[in-house]
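First residue of the sequence shown? That's 13 in my numbering, and the numbers climb one at a time after it.
Structure record follows, encoded as structure tokens.
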Amino acid sequence: MGAGVVGVTGLAVWRAAHEDDAARVARVDVIVVLGAAQYDGRPSPVFAGRLDHAALLYRQGRADRIVVLGGGRPGDRTTEAEAGRGYLIASGVPPGAVVAEPVGRTTLESLRAAARYMRREGLETAFLVSDPWHNLRVERMAHDLGIRGYASATWHSAARTEWTRLEGYLRETMAYLSYRLLGR
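Structure below.
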């Protein structure tokens with residue numbers, strides 16, 4: 013039975029990875045970008061891919077604001093959120109349209125920060141920008157936190173090889189099960 017649960021969950025992760033909610037949802041209140049590694053203020057290629065996707069959605073008029081999530085690690089001079097905000101501004105997104113929420117070292121912590129921000133600002137809907145295999149868990153967590161979230165992932169940042177994709181699906185299958193069973 014356990015293998016069946018893992019298999020069905022893996023299929024759900026795969027299916028969610030291949031759906032882009034931005035194709036069916038015209039506009040949201042805010043674009044939420046999940047953080048990823050940054051190196052002394054410079055986003056990693058994975059993070060830059062997410063930020064580029066968020067900037068594209070913004071330029072298409074799909075939301076008026078972008079919220080970048082992610083804290084820092086001990087010794088970092090900046091946070092993922094601050095590095096992402098700087099990157100978006102440098103790419104032409106107006107500073108007033110980009111908010112950094114520099115909290116969270118996990119997806120759940122970061123989404124909690126997004127939910128607090130959205131409640132404070134009276135926002136309800138969001139595009140959730142991350143990597144494709146993250147879609148199912150990110151949407152579930154957002155829902156549980158009161159966010160009407162729509163996954164809009166980028167394939168340009170993470171899917172470098174078939175092995176990378178498989179690794180992402182396997183990792184997210186287990187992470188989703190862990191979240192659903194243990195709440196983290």
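All C-beta atoms in this analysis are idealised placements derived from N, C-alpha and C, irrespective of residue type, glycine included.
Task: Neighbourhood of residue 75 by C-beta, 7 angstroms cutoff - its chain only, sequence neighbours within 5 removed - done: Working through the sequence shown from its first residue, we reach residue 75 at position 63. These residues qualify, in order along the chain: 39, 40, 41, 42, 43, 69, 139.
- [ ] Assuming residue 94 contacts residue 112 (C-beta within less than 8 angstroms), just tell me the rounded distance between them.
- [x] Taking the sequence shown and counting its residues from 1, the one referred to as residue 94 is at position 82. Taking the sequence shown and counting its residues from 1, the one referred to as residue 112 is at position 100. Contact between residue 94 and residue 112 holds, since their C-beta atoms are separated by about 5 angstroms, short of 8 angstroms.
Task: Per DSSP, cross-strand counterpart(s) of residue 113 - done: On the sequence shown, position 101 is the one that residue 113 refers to. As DSSP reads the structure, residue 113 sits in a beta bridge with 81.
Task: Inter-residue CB distance, residue 145 and residue 180 (contact presumed, cutoff 8 angstroms) - done: As a first step, residue 145 must be located in the sequence shown, where it is residue number 133. As a first step, residue 180 must be located in the sequence shown, where it is residue number 168. Rounded to the nearest angstrom, the Cβ distance from residue 145 to residue 180 is 4 angstroms, consistent with a contact under 8 angstroms.
Open item on the list: Let me check understanding here. Comparing Cα to Cα, which of 91, 22, 176, 159 lies closest to residue 117?
Closed with: Stepping through the sequence shown from its first residue, residue 117 is reached at position 105. Closest option to residue 117, Cα to Cα, is 91.
Open item on the list: Measuring alpha carbon to alpha carbon, tell me which residue in 55, 18, 187 is nearest residue 103.
Closed with: On the sequence shown, position 91 is the one that residue 103 refers to. Proximity to residue 103 across 55, 18, 187 peaks at 55, based on C-alpha coordinates.
- [ ] Taking only the alpha-carbon atoms, compute the straight-line gap between residue 192 and residue 186 and give it to the nearest angstrom.
- [x] Working through the sequence shown from its first residue, we reach residue 192 at position 180. Working through the sequence shown from its first residue, we reach residue 186 at position 174. Answer to the nearest angstrom: the Cα atoms are 10 angstroms apart.
TODO: Could you pull out every residue in the same chain whose Cβ sits closer than 7 angstroms to the Cβ of residue 105, ignoring the five residues on either side in sequence?
DONE: Residue mapping note: residue 105 aligns to position 93 of the sequence shown, counting from 1. Sequence-distant partners of residue 105 (beyond 5 residues in either direction) whose C-beta falls short of 7 angstroms from its own C-beta, in its chain, are 67, 70, 78.
Task: Whole-angstrom distance between residue 23 and residue 175, CA atom to CA atom - done: As a working mapping, residue 175 is identified with position 163 in the sequence shown. As a working mapping, residue 23 is identified with position 11 in the sequence shown. In a straight line, the C-alpha of residue 175 is about 17 angstroms away from that of residue 23.
Open item on the list: Using CA atoms only, rank isn't needed, just tell me which of 182, 166, 189 is closest to residue 30.
Closed with: Here residue 30 refers to the residue found at position 18 of the sequence shown. Nearest of 182, 166, 189 to residue 30, Cα basis: 166.
Task: Residue from 82, 152, 178 whose Cα sits closest to the Cα of residue 97 - done: Residue mapping note: residue 97 aligns to position 85 of the sequence shown, counting from 1. The shortest Cα separation from residue 97 among 82, 152, 178 belongs to 82.
- [ ] Look at residue 142 and residue 27 and say whether their C-beta atoms are less than 8 angstroms apart.
- [x] Taking the sequence shown and counting its residues from 1, the one referred to as residue 142 is at position 130. Taking the sequence shown and counting its residues from 1, the one referred to as residue 27 is at position 15. Cβ distance not < 8 angstroms, so residue 142 and residue 27 don't count as in contact.
Task: Of the listed residues 48, 72, 51, 49, nearest to residue 35 (C-alpha basis) - done: As a working note, residue 35 is residue 23 in the sequence shown. Selected option, being the one with the closest Cα: 72.
Task: Top-ranked residue by Cα proximity to residue 125, from 53, 154, 89, 25 - done: Within the sequence shown, the letter at position 113 stands for residue 125. Considering only alpha carbons, the answer is 154.
- [ ] Report the rounded CA-to-CA distance for residue 84 versus residue 18, giving the unit in angstroms.
- [x] Within the sequence shown, the letter at position 72 stands for residue 84. Within the sequence shown, the letter at position 6 stands for residue 18. CA-to-CA, the gap between residue 84 and residue 18 works out to about 32 angstroms.
TODO: Run the CB neighbour count on residue 164, radius 10 Å, all protein chains shown included, and call it buried at 16 or more, exposed below.
DONE: The sequence position of residue 164 within the sequence shown is 152, counting from 1. Buried, by the Cβ-count rule.
Open item on the list: By alpha-carbon positions, which one of 188, 80, 33, 89 ends up nearest to residue 149?
Closed with: By 1-based counting over the sequence shown, the position of residue 149 is 137. The option with the nearest alpha carbon to residue 149 is 188.
Open item on the list: Measuring alpha carbon to alpha carbon, tell me which residue in 53, 184, 46, 64 is nearest residue 100.
Closed with: On the sequence shown, residue 100 is found 88 positions in, with the first residue counted as 1. Ranking the options by Cα distance to residue 100, first place goes to 64.
TODO: Using 10 angstroms around the beta-carbon of residue 119, count the other beta-carbons present and answer buried if the total reaches 16, otherwise exposed.
DONE: Within the sequence shown, numbered from 1, the residue matching residue 119 stands at position 107. By the neighbour-count definition (other C-beta atoms within 10 Å, threshold 16), residue 119 is a buried residue.
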